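Colleague: A single structure is presented below for examination.
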């Protein structure tokens, strides 16, 4: 096992990289590299080995107080245990969905859960409108109420194929198949090179053997 | 034309999805 395990205790929520590698598209080395990143992110404000919402916001926007609906939703989905923090295992499993080699099905499901703001199992027209308004609020794009309403209605009606007033998982899947660019943001090409970005751990484990 | 925009396409471009920023050193 080498001296790595005896060096210092791992943070709360630390999980065996071999287990995480088996459950995700990452290799063991990549999981170890992600641990380097995790340690950095989880100690940026509170050094407790857990990523708090403010630390997540700080990393994304360089501003701990920057509120953003979508970043909030991503944090909530990463926080699988719903205890207000992201543990290492949660971090790796969730980032796995963003891996270029992760399944399209997982990416489609993740995006659906993200947009299902009130977690009813459906994306409703009100939720879609709320998200469009949030996007407009954070961008410099200005659209009239009429135009916003038209965009929301048109998109919603196209996605709600059975016309029951809500978008279910199957309708969402079909809509994404029609417009694949909708889940472009569910892939981070960077994750393929994660060991190059955080090589310190990998280098240190190689010399141990 | 703005009315031809896909609402999901629009929201998918939010900076809130900039997870690549997590990797900036």
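Protein chains in written order, with the working numbering: chain A, -11 to 197; chain B, 279 to 303. Backbone N, C-alpha and C define an ideal beta-carbon position, used for all residues, glycine too. Bear in mind the structure is a predicted one, so any value in this text is a computation, not a measurement.
Please decide whether residue 120(A) counts as near chain B, where near means a Cβ-Cβ distance under 9 Å.
Modeller: Here residue 120(A) is taken as the residue at index 132 of the first chain, counted from 1. Answer yes: the Cβ-Cβ gap between residue 120(A) and chain B drops below 9 Å somewhere.
Colleague: Are the Cβ atoms of residue 110(A) and residue 182(A) separated by less than 9 Å?
Modeller: Walking along the first chain from the start, residue 110(A) turns up at place 122. Walking along the first chain from the start, residue 182(A) turns up at place 194. The answer is no: Cβ separation not under 9 Å.
Colleague: Leaving out five residues before and five after residue 46(A) in sequence, what residues of the same chain have Cβ atoms less than 6 Å from its Cβ?
Modeller: The residue you call residue 46(A) lines up with position 58 of the first chain. 32 and 52, listed in sequence order.
Colleague: Closest to residue 105(A) by CA distance: which of 97(A), 93(A), 96(A) and 119(A) is it?
Modeller: Residue mapping note: residue 105(A) aligns to position 117 of the first chain, counting from 1. Checked all of 97(A), 93(A), 96(A) and 119(A); the closest Cα to residue 105(A) is 119(A).
Colleague: To which residues does DSSP link residue 204(A) through a beta bridge?
Modeller: Outside the displayed span of chain A (-11 to 197) sits residue 204(A), for which this structure offers no information.
Colleague: To which residues of the same chain is residue 87(A) closer than 6 Å at the C-beta, ignoring the five residues directly before and after it?
Modeller: In the first chain, the residue the question calls residue 87(A) occupies position 99. 13 and 179, listed in sequence order.
Colleague: Please list, in chain order, the chain B residues whose beta carbon lies closer than 8 Å to that of residue 170(A).
Modeller: Within the first chain, the letter at position 182 stands for residue 170(A). By Cβ distance, chain B contributes 284, 286, 287 and 290.
Colleague: Contact check, residue 241(A) vs residue 30(A) under 8 Å by CB: the rounded distance?
Modeller: Shown here, chain A extends from -11 to 197; a query on residue 241(A) therefore has no answer.
Colleague: Could you tell me whether the Cβ atoms of residue 116(A) and residue 98(A) are closer together than 9 Å?
Modeller: Taking the first chain and counting its residues from 1, the one referred to as residue 116(A) is at position 128. Taking the first chain and counting its residues from 1, the one referred to as residue 98(A) is at position 110. The answer is no: Cβ separation not under 9 Å.
Colleague: Taking C-beta pairs closer than 9 Å, name the residues in chain B that residue 126(A) reaches, listed in chain order.
Modeller: For the purposes of this step, residue 126(A) is taken as the residue at position 138 of the first chain. Correct list: 292, 293 and 294.
Colleague: Given this structure, state the Cα-to-Cα distance separating residue 34(A) from residue 76(A), to the nearest angstrom.
Modeller: Numbered from its first residue, the first chain carries residue 34(A) at position 46. Numbered from its first residue, the first chain carries residue 76(A) at position 88. So the alpha carbons of these two residues sit roughly 15 Å apart.
Colleague: Which residues of chain B have a Cβ atom closer than 9 Å to the Cβ of residue 12(A), listed in chain order?
Modeller: Mapped onto the first chain, residue 12(A) falls at position 24. Result: empty, since nearest Cβ-Cβ is about 15 Å, beyond 9 Å.
Colleague: Counting only beta-carbon atoms, is residue 183(A) nearer than 9 Å to chain B?
Modeller: If you number the first chain from 1, residue 183(A) lands on position 195. Closer than 9 Å: no.
Colleague: How should residue 202(A) be labelled, buried or exposed, when 16 other C-beta atoms within 10 angstroms of its C-beta is the threshold for buried?
Modeller: Nothing can be reported for residue 202(A), as the shown portion of chain A is limited to -11 through 197.
Colleague: Starting from residue 103(A), follow the alpha helix (DSSP H) in both directions and report where the run begins and ends.
Modeller: For the purposes of this step, residue 103(A) is taken as residue 115 along the first chain, with counting starting at 1. Looking at the DSSP string, the run of the alpha helix (DSSP H) that includes residue 103(A) is 92 to 103.
Colleague: Is there a Cβ of chain B sitting closer than 9 Å to that of residue -6(A), yes or no?
Modeller: Walking along the first chain from the start, residue -6(A) turns up at place 6. Its pLDDT being 47, under 50, residue -6(A) is placed unreliably in this model, and the value from its coordinates should be taken loosely. Judged by the 9 Å Cβ criterion, residue -6(A) is not in contact with chain B.
Colleague: For residue 19(A), report the span of its alpha helix (DSSP H) as first-last.
Modeller: Within the first chain, the letter at position 31 stands for residue 19(A). From DSSP, the alpha helix (DSSP H) with residue 19(A) extends over 16 to 29.
Colleague: Please confirm if residue 50(A) has its CB atom under 9 Å from at least one CB of chain B.
Modeller: Translated into the one-based positions of the first chain, residue 50(A) becomes position 62. Interface residue, yes.
Colleague: What residues in the segment 143 to 154 of chain A have a beta carbon less than 9 Å from any beta carbon of chain B?
Modeller: Cβ contacts with chain B: 143, 144, 146 and 147.
Colleague: Go ahead and pull the three-state DSSP assignment for residue 142(A).
Modeller: Taking the first chain and counting its residues from 1, the one referred to as residue 142(A) is at position 154. Correct three-state label for residue 142(A): helix.
Colleague: Reducing DSSP to helix, strand and coil, say where residue -9(A) ends up.
Modeller: Locating residue -9(A) in the first chain gives position 3, where the first residue counts as 1. Because residue -9(A) carries a pLDDT of 48, less than 50, the predicted location of this residue cannot be relied on, and the following value inherits that uncertainty. Looking at residue -9(A) - three-state DSSP - the assignment turns out to be coil, as it is neither helix nor strand.
Colleague: Taking only three categories from DSSP, how would you classify residue 162(A)?
Modeller: Here residue 162(A) corresponds to residue number 174 of the first chain, with the count starting at 1. Looking at residue 162(A) - three-state DSSP - the assignment turns out to be helix.
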